[in-house]
Amino acid sequence: MRGIRCLIKTYVSLVFLVSRVSLVIKLKKRNKPKKPEKRFLHASINFWGYMNLPDKILVVGLGATGIATAKFFARLGKKVTITDTKKEEDLIAALTDLKGVRFEGHFGGHRMDDFLSHPLIVISPGVDSELPELKEARQRDIKVSGEIELASMFVKEPIIAITGTNGKTTVTSLLGEIFTRAHEDVFVGGNIGNPLFNYVLEGRKAKYVILEVSSFQLETIETFHPNTSVLLNITEDHLDRYRNYEEYITAKYRIFENQTKVDHAVLNKNLETTNDIKANKLFFTTCEKLNEGAFFDNGNMYVRLGGREFVYKRALSPLIGIHNTENILSALLVSHIYGIEQQVVEEVLRNFKGLAHRVEPIRELNGVRFYNDSKATNVDATRRALESIEGKVILIAGGKDKGGSYKVIADLMDKVKSMILIGEAKERISDELGEFTKTYMEKDLNSAAERAFEIADTGDIVLFSPMCSSFDMFRDYKERGNIFKKIVESM
Ligand code: UMA
0 MRGIRCLIKT YVSLVFLVSR VSLVIKLKKR NKPKKPEKRF LHASINFWGY MNLPDKILVV
60 GLGATGIATA KFFARLGKKV TITDTKKEED LIAALTDLKG VRFEGHFGGH RMDDFLSHPL
120 IVISPGVDSE LPELKEARQR DIKVSGEIEL ASMFVKEPII AITGTNGKTT VTSLLGEIFT
180 RAHEDVFVGG NIGNPLFNYV LEGRKAKYVI LEVSSFQLET IETFHPNTSV LLNITEDHLD
240 RYRNYEEYIT AKYRIFENQT KVDHAVLNKN LETTNDIKAN KLFFTTCEKL NEGAFFDNGN
300 MYVRLGGREF VYKRALSPLI GIHNTENILS ALLVSHIYGI EQQVVEEVLR NFKGLAHRVE
360 PIRELNGVRF YNDSKATNVD ATRRALESIE GKVILIAGGK DKGGSYKVIA DLMDKVKSMI
420 LIGEAKERIS DELGEFTKTY MEKDLNSAAE RAFEIADTGD IVLFSPMCSS FDMFRDYKER
480 GNIFKKIVES M
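If you count the sequence shown from 1, position 92 lands on 91 in numbering that gives the first Met the number 0, and the numbers rise without skipping.
Written out as structure tokens, the structure reads:
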């Protein structure tokens, strides 16, 4: 009797097992897409990347990026070590932000031992990926990655990424406003000041993720895959970080690296394109008419896409200058790729007054107008400012030298009535541009502003457009611009 019962039990279990296995196979077959889409494959690669994250992670640099990165990995339960060349007492604000987060801090310099004892090193954009410690780590097969790369592994929403030497913050903000007006829940971040890990930490599911991306961030990508990548322009910049201009250009073009033919690549028509760009290329230009893309002609901006045409009056936007026409054209093109209604775009365009520290009017004093263009951290940005301003300019410039040539603005120096120089770069700027105008050397921004006011005549324009980064005297370009505004407001 026991034998028969046992036989029946075994039979029932076998039937149950066979039916379960065939059900699982059926379900798998049903769920398996016949031809997996590229985007799906990409997600899987990222998933494997995520699965392979080690338990010990070294975060290099404790600025905005390092803080967000450390918070994220600590939340995942990883053992996080943070290193920064700054001393602990100079990192109080960052450390306060990390209250309650588990990590070990090694400050006041980098230790080779840290770089060789962590299987994954995450560097901040400001950290040169060619540091000797990083080279040594790579030689030992230790993974060196960046925040944008790692954070994007956790983002499944469509990414629109914008890069370029100049204008990327303006275009990112403008697109952020247009998409927010159209879709409400949109994340705007990246190099603009809000690291992508902050979005991932929030656990939010926005409809779109719009990212400003710098060449520094692009240096460390592997799988970062925007659905739409925008390249606005490339001119010499960051030559203090790159061995040559080509290296910088290569970093910028990496924004297209992981795109496929279902994605979009939006490019300035002046730039070279390569066959390496697999995405659907769309151009914008102020120089010619296009059958497909965005262009400027006779006071109007046109977008031609998929047989449709949208026309915008250039005068709709209060942003001045040809460089801003290019910025707007790129934003219009992206907006129409995503089917945003013209009326929505127009509304935002009309009200978008630009950003602080970009040819920002401060005040008029005794007929002298003062502008803050502290975001001009390279020569080309100053060129654009000079081109967009009408009248005689007293130019205040200088800061941390990035190694590029200042002669790039020599042809515009007839607009510059006098030049007042500050910071580490003052000698080199004077050597290259001093012959074109009367030049003054000042010890700091305060005395430069005073000198400018002293020599200015009614109708002149005082433009603070440094052509250099700020790190020799200030925390960043924002602090530099805010200090300049305060000085001018208190005059
Ligand atoms: N540090 C080291 N070792 C090094 C170098 C730096 O420990 O070898 C430390 C510094 O002491 C400092 C920290 O690293 O404490 C700073 O790191 P960071 O410069 O990457 O600063 P974050 O605050 O993380 O800011 C970065 C971007 N900074 C740079 O690219 C230089 C910010 O862009 C960006 O907003 C932020 O991440 C969020 O994504 C600023 C910028 O100037 C605005 N960008 C350049 C530009 O626009 O031209 C590229």
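Every residue, glycine too, gets a C-beta built ideally from N, C-alpha and C.
None of these values were measured; they are calculated from a predicted model.
Going by DSSP, P360 is part of the beta strand (DSSP E) stretching over E359 to L364.
DSSP, read as helix, strand or coil, puts V187 in strand. As computed with DSSP, A396 is found in a beta bridge with L420.
Cβ atoms of D262 and Y247 stay farther apart than 8 Å, at about 23 Å.
Annotation for A250: S214, L217 and E218 place their beta carbon closer than 6 Å to its own, counting only its chain and skipping 5 residues before and after.
Annotation: the continuous alpha helix (DSSP H) that includes H182 extends over K167 to H182. Exposed is the label assigned to S116, since fewer than 16 other Cβ atoms lie within 10 Å of its Cβ. Residue pairing for I81: DSSP places it in a beta bridge opposite V58 and G104.
Less than 8 Å divides the Cβ of I482 from the Cβ of F473. The DSSP assignment places complete alpha helix (DSSP H) segments of no fewer than 4 residues inside the stretch 308-338 at 321-336, in order along the chain. Apart from the 5 residues on each side of it in sequence, R382 sits with its Cβ closer than 7 Å to the Cβ of V407, I408 and L411 in its chain, given in chain order.
In this structure, the beta-carbon distance from V59 to V126 falls below 8 Å. When Cβ pairs closer than 8 Å are counted between the two stretches, the stretch 287-303 is seen to touch the stretch 320-334, the count reaching three or more. Scanning its chain for C-beta atoms nearer than 7 Å, with the 5 sequence neighbours on each side dropped, one finds around N299 the residues V310, Y311, K312 and R313, in chain order. Within the DSSP secondary-structure output, F369 pairs in a beta bridge with R362 and V461. Taking a cut-off of 8 Å for Cβ pairs, the stretch 170-184 and the stretch 127-135 do not touch, as fewer than three such pairs fall below it. Of the residues assessed, R253 falls on the buried side of the cut-off, its CB having 16 or more other CB atoms within 10 angstroms. Going by DSSP, N193 is part of no beta strand (DSSP E) at all; its letter is neither H nor E. Between I209 and F186 the beta-carbon gap is near 7 Å, inside 8 Å, which marks them as a contact. At a cut-off of 7 Å, the beta-carbon of N232 does not count as near the ligand UMA: no heavy atom of the ligand is closer than that.
Pairing A264 with V199 gives a Cβ-Cβ distance that is not under 8 Å. Within its own chain, the residues whose Cβ lies closer than 7 Å to the Cβ of D471, once the five positions on either side in sequence are excluded, are G398, K399, G422 and E423, listed in chain order. For G125, the Cβ falls inside the 7 Å cut-off from some heavy atom of the ligand UMA.
In the three-state scheme derived from DSSP, where H, G and I count as helix and E and B as strand, E218 is classed as coil.
Secondary structure note for G292: its beta strand (DSSP E) is the uninterrupted segment G292 to D296. DSSP places N232 outside both helix and strand once states are collapsed to three, so it counts as coil. Within 7 Å of the C-beta of D239 there is not a single heavy atom belonging to the ligand UMA. Per the coordinates, the alpha-carbon of K484 lies some 21 Å from the alpha-carbon of P317. The continuous stretches of beta strand (DSSP E) do not include V487, which lies in the alpha helix (DSSP H) extending over residues Y476 to E488. Taking the Cβ of T376 as the reference point, at least one heavy atom of the ligand UMA falls within a distance shorter than 7 Å. According to DSSP, residue pairing for N274 in a beta bridge does not occur. Taking each of L90, N290, E478 and S429 in turn and checking the Cα distance to L444, the smallest one comes out for E478.
The C-beta distance from G189 to I233 rounds to 18 Å, too long to meet the 8 Å contact threshold. The alpha-carbon separation between G403 and N377 amounts to approximately 8 Å. Leaving aside the five residues that flank T457 on each side, the residues in its chain whose CB is nearer than 8 Å to its CB run, in chain order, N365, G366 and V367. For N279, the pairing in a beta bridge is given by DSSP as H263.
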